[in-house]
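Protein chains in written order, with the working numbering: chain A, 159 to 586; chain E, 159 to 586.
Glycine included, C-beta positions come from ideal geometry on N, C-alpha and C.
There are 2 protein chains.
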Amino acid sequence: MTAPLRIGLAGIGTVGAGVVAMLQRHRALIAARAGRPIEIAAVSARSRHRDRGVDLGPYAWEDDPVALARRGDVDLVVEVIGGENGPAKATAETAIAGGKHLVTANKALLARHGQALAEAAEARGVALRFEAAVAGGIPVVKALAEGLAGNAATRVMGVLNGTCNYILTQMEATGAPYATVLAEAQRLGYAEADPSFDVGGIDAAQKLALLAAIAFGARVDFGGVAIEGIERVSLADIRAAADMGYRIKLLCLARRAAHGVEARTQPCLVPSASPLGALDGVTNMVVIDGDFVGQTIYTGPGAGAGPTASAIVGDVIDVARGLRMPAFGRPAAELDPPERVGDEAEAPYYLRLALTDAPGVLAKVAAALGDAGVSINRMRQYEHAAEEAPVLIVTHRTGRAPLDRALAAIAGLDVCRAAPVALRIEDA
Amino acid sequence: MTAPLRIGLAGIGTVGAGVVAMLQRHRALIAARAGRPIEIAAVSARSRHRDRGVDLGPYAWEDDPVALARRGDVDLVVEVIGGENGPAKATAETAIAGGKHLVTANKALLARHGQALAEAAEARGVALRFEAAVAGGIPVVKALAEGLAGNAATRVMGVLNGTCNYILTQMEATGAPYATVLAEAQRLGYAEADPSFDVGGIDAAQKLALLAAIAFGARVDFGGVAIEGIERVSLADIRAAADMGYRIKLLCLARRAAHGVEARTQPCLVPSASPLGALDGVTNMVVIDGDFVGQTIYTGPGAGAGPTASAIVGDVIDVARGLRMPAFGRPAAELDPPERVGDEAEAPYYLRLALTDAPGVLAKVAAALGDAGVSINRMRQYEHAAEEAPVLIVTHRTGRAPLDRALAAIAGLDVCRAAPVALRIEDA
């Protein structure tokens, strides 16, 4: 197997240039590991003459990525165009239909069209791999789909968006509010001009949908992920959580329920001393619980040219070595149809209430919780100057429905000076 | 590819029974992921009638594992006998010579005979895989050899022996000395009756030798690993290190040097706030630095029936899926011959000196360090009652040779009331 594997690179932004740099710098190393040379045959991008810091001279140029995906001298297409439709989708479909392997970093594409692309790839007998689409340079798709393949996964969770974790970490470290930290993150290039894709939880939820499909053998169901962003996380909650021994993270979580899969991306409290609680800055982390292996944890850079190129080239080397396996770890036709699960899984909750400072108020709140069947684990009221008494409560494990009943009852008491905050606590 | 993959299981101790349990419980799941059924055809162990908690009735029995490895109805041999020679080696050699794939958890076997076995496996076109031999349930061999294959690794380090980490963690937590904690660990089953293989660093060094071979494309060179155990780590050093912001770990470290590979397993200081510094108990952790990906970290259970079975079955599924790649990530014939590197890599050091309490002593020590070219970063002398003044020094980066010259000069001053302690500090 000494024939080279010929790559067509669709998209030459930061990540695409990183792939070129890696394949150039480690040409001999990669050939030794892959068992055959890996050569770029052709590249495609919107602007031919932009300086990207890498020499594209040796490669054929295509203005149109779909034309690139049709070339006879390309065995494998690397798609780093981005976007869930448009040229990325057309390029991916054309590559697979033409019998070419596809390696992509495109979580949006796979979150929407993963099932169809996986079916097409299997029908054509080509590989579809996407390590770079989840957690950047951390080979966690491989860990889950291959290394832990003997296990039934029970839970997969993690911090999958570096922008959000940077913002939450900085809010705690500097005491600056959300808007200020976001603006600073934008200035430093950690957040996009339009940050909604990141801070709204969409990006993280797309990655979670892919991990959940592999972990639980179900079709990718992005629409089934309950999504809440970090826009409403307040400094007050970050501080109060810390005081109770927790940190607030944008947590991605997927869990096998009695029927179906529970999948959520939302701000949660995790114990400060846990690996997820200790995770600072833009770093990503994935925590996988399997029934035989127990808990394994994967940490590393979740974005950037080098880490993303590393994941892409790792996939390319797998294909060069001859690895052929279904995209989501089992044949696409055997993946379970999506079965969505709500919030019925019980959890402890963190509640922050701003109560009127009057005799008997706390007793009424406690009674409302008790009447709804929500039991209090810890309660803390702080010394306060104003008429608003800040009260923190950590409940025992409860379903979301009883909690919502209790919160409605508390609202009816007319003792809250602001809307109560309720955040789930996840044992890490 | 629907023909079953037929397993011969050599060794049915705790781990072997775990493999049987996993293949039985997840029969359908594993078949779906592997693309074909995986069936145990035959098993072998010393005692046929011991109760192992799993039903071995359906499988053919062989008293002799070598006979098992010769069976015509076996496609892949799982070797969990253990030991670097004897029946384990004979079984492995027989399996490969007979054209059967080999999956083994045997680090001792591979640390000594890995090169020969890898060459034999490649010559016969069979797979040789050993995920379970390193870091138990953490799929770190896969991460390094496959996921990160596009990178030149610069450093691989980790805590690879749970017994040692448990003992060091407990010494710090309880204030009990080494011998007491070791006895307790033996009582709890965390340490063997003869603990020397673990506490002497041999077990960890064998694992490191395997990781280094993959990371740096060199032949397994267990003899080239500098080994020091934890037997001489004192409570005084654990406490003093903590006071300077460090924790003491039995650190496995392999680094690409200008020529060859530096490989050491020895007690080192790592920053308390780093992932390695925060690692408690029997958990394992591997930290990999690659030139494109940066740093990725892998954490999980390093031993036990479930985690080890998980790693073995992951390898078996890879083979069933058709993965064929060289055991150490590139063809055995292309692996570099061992080139050993001493301690010339510079590092900061922690020094603990017990000095006589007399005027001018500290100045003489400082001068001796300076004369040898060792520069002091931090120094701390504690209030003391006796005539012995405890002094802690953290040096700037220095080679081991200048440090040894300085320590010899200090010894010649006749101011030390006990042998100086010098431990390397590794930035995590």
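Chain D contact residues for V212 of chain E, given Cβ-Cβ distances below 9 Å = Here chain D cannot be found, since the structure's protein chains are A and E.
request  = Using alpha carbons as the reference points, say which of A:L267, A:G452, A:P425 and A:L409 lies closest to L368 of chain A.
outcome  = A:L267
key: Beta-carbon gap between R191 of chain E and A307 of chain A smaller than 9 Å   = yes
Helix, strand or coil at T160 of chain E according to DSSP, with G and I counted as helix = Looking at T160 of chain E - three-state DSSP - the assignment turns out to be coil, as it is neither helix nor strand.
ask   = Touch check for the segment 474-484 of chain A and the segment 507-520 of chain A: three-plus C-beta pairs under 8 Å?
value = By the Cβ rule, the segment 474-484 of chain A does not count as touching the segment 507-520 of chain A, because fewer than three pairs are nearer than 8 Å.
ask   = Between G359 of chain A and T423 of chain A, which are expected to be in contact by the criterion C-beta below 8 Å, what is the C-beta distance as a whole number of angstroms?
value = 5 Å
request  = Could you tell me which residues DSSP puts in a beta bridge with L408 of chain E?
outcome  = E:P425
query = Since L346 of chain A is in the alpha helix (DSSP H), which residue starts that stretch and which ends it?
reply = Y336 to L346
task = Would you mind stating whether G480 of chain E and G305 of chain A have Cβ atoms separated by less than 9 Å?
result = Contact: no.
query = Hey, does S468 of chain E have any beta-carbon neighbour from chain A nearer than 9 Å?
reply = yes
query = Beta-carbon separation of T457 of chain E and Y456 of chain A under 9 Å?
reply = yes
message = At the level of alpha carbons, what is the spacing between D221 of chain A and A293 of chain A?
response = For D221 of chain A and A293 of chain A, the gap between their C-alpha atoms comes out near 30 Å.
ask   = Is L520 of chain A close to chain E, meaning its C-beta is less than 9 Å from at least one C-beta of that chain?
value = no
Rounded Cβ spacing between R575 of chain A and L513 of chain A (contact assumed at less than 8 Å) = 7 Å
task = Could you name the residues of chain E that K300 of chain A contacts, counting a contact when the two beta carbons are closer than 8 Å?
result = P297, K300, A301, E304 and G305
request  = Using a cut-off of 8 Å between C-beta atoms, extract the partners of Q453 of chain E located in chain A.
outcome  = Neighbours of Q453 of chain E on chain A, chain order: G458 and P459.
message = Please confirm whether F288 of chain E has its beta-carbon closer than 9 Å to some beta-carbon of chain A.
response = no
key: Close beta carbons around S202 of chain A, own chain, < 6 Å, minus the five adjacent residues each side   = Within the same chain, S202 of chain A has close Cβ partners A168, E220, P223 and L226.
task = Using 10 angstroms around the beta-carbon of N309 of chain A, count the other beta-carbons present and answer buried if the total reaches 16, otherwise exposed.
result = Here N309 of chain A is buried. Its C-beta has 16 or more other C-beta atoms within 10 Å.
Under 7 Å (Cβ pairs) to chain E, residues found in the segment 302-333 of chain A = E304, G305, L306, A307, G308, N309 and A310
inquiry  = Runs of 3 residues minimum, wholly inside the segment 422-498 of chain A: which ones carry the beta strand (DSSP E) assignment?
reply    = DSSP runs (the beta strand (DSSP E)) wholly in the segment 422-498 of chain A: 441-448 and 452-459.
ask   = Taking contact to mean at least 3 C-beta pairs separated by less than 8 Å, is the segment 551-565 of chain E in contact with the segment 525-535 of chain E?
value = Result yes; three or more Cβ-Cβ pairs closer than 8 Å.
task = Could you check if T454 of chain A is buried or exposed, using at least 16 other CB atoms within 10 Å of its CB as the buried criterion?
result = buried
query = By Cβ distance, which residues of its chain are closer than 6 Å to G295 of chain E, with the 5 residues on each side in sequence left out?
reply = G458, P459, P465, S468 and A469
key: Exposed unless 16 or more other CB atoms sit within 10 angstroms - verdict on E280 of chain E   = With 16 or more other Cβ atoms within 10 Å, it is buried.
request  = Note down, in chain order, every chain E residue with its Cβ under 7 Å from the Cβ of D476 of chain A.
outcome  = E304
Helix, strand or coil at N535 of chain E [DSSP, three-state] = strand
ask   = Of all the CB atoms in chain A, is at least one closer than 9 Å to the CB of G487 of chain E?
value = yes
ask   = Closest by CA to H542 of chain A, which one among A:N535, A:A516 and A:A559?
value = A:A516
key: Where H184 of chain E meets chain A, residues with beta-carbon distance less than 9 Å   = G308, N309, A310, D449 and F450
ask   = In chain order, what residues of the same chain have a beta carbon less than 6 Å from the beta carbon of V299 of chain E, not counting five sequence neighbours either side?
value = E289 and V292
query = Any idea if E237 of chain E is buried or exposed, counting beta-carbon neighbours within 10 angstroms, 16 or more meaning buried?
reply = buried
message = Please state whether the Cβ-Cβ distance between A362 of chain A and C322 of chain A is less than 9 Å.
response = yes
key: Under 8 Å by beta carbon: chain E residues contacting R482 of chain A   = Within 8 Å of the CB of R482 of chain A, the CB atoms of chain E belong to R479 and G480, in sequence order along the chain.
ask   = Just how far apart, CA to CA, sit A559 of chain E and V445 of chain E?
value = 27 Å
key: Interface flag, M402 of chain A vs chain E, CB-CB below 9 Å   = no
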